[in-house]
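Engineer:
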Amino acid sequence: MPKTLDISFFEQVYQVARLIPYGKITSYGAIATYLGTAKSARMVGWAMNGAHKLDPPIPAHRVVNRIGLLSGKAHFETPDTMQQLLENEGIEVKDNQVVEFTKHFWNPIQELKL
DNA sequence: CGATTGACGTACG
DNA sequence: TCGTACGCCAATC
């Protein structure tokens with residue numbers, strides 16, 4: 131049996147996270163929903179816990195919660211890293227929150243679902 | 001080895 | 001409309 135079918139939820143999260151295009155952002159819930167486990171949004175964030183340890187690294191800064199809040203900024207090297215990275219990609223951040231969130235939102239369901 | 005926690009989100013009163 | 005409860009599953013205490 132191919133192990134490709136045995137990849138855990140984490141691996142799938144990593145796969146999707148790496149597909150997030152430059153200058154775009156998505157939410158934990160969006161990824162979870164795309165994977166078919168809408169209520170496992172927490173696990174998406176949990177997966178990001180070791181994102182920087184992976185190779186290639188996962189653009190965890192492009193993943194925010196459903197309201198565009200930089201809920202995971204505290205887990206970066208410095209609390210400002212996440213915001214800096216986003217602004218570097220042309221995404222405006224105001225008070226730990228993404229401005230025009232829906233405008234920069236990248237929905238894996240809409241983009242990847244065929 | 002059982003209980004708690006955690007980068008979230010939805011359901012329900 | 002707002003506040004509280006629960007689910008999700010792995011890692012840590």
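Residues 131 to 244 (my numbering) make up the first sequence, in order.
Glycine included, C-beta positions come from ideal geometry on N, C-alpha and C.
Please state whether DSSP places M131 in a helix, a strand or coil.
Structural biologist: Confidence in M131 is poor, its pLDDT being 49 and thus under 50, which makes the residue's placement unreliable; the coordinate value appears in the next sentence. It is coil, neither helix nor strand.
Engineer: Report the three-state DSSP secondary structure of T208 (helix, strand or coil).
Structural biologist: Correct three-state label for T208: coil.
Engineer: Taking C-beta to C-beta, are L216 and H191 nearer than 7 Å?
Structural biologist: Cβ distance < 7 Å, so L216 and H191 count as in contact.
Engineer: Please classify S170 as buried or exposed, where buried requires at least 16 neighbouring CB atoms within 10 angstroms.
Structural biologist: Answer is buried; the Cβ neighbour count reaches 16.
Engineer: Would you mind sorting L184 into buried or exposed? The rule is 16 or more other CB atoms within 10 Å of its CB.
Structural biologist: Result: exposed.
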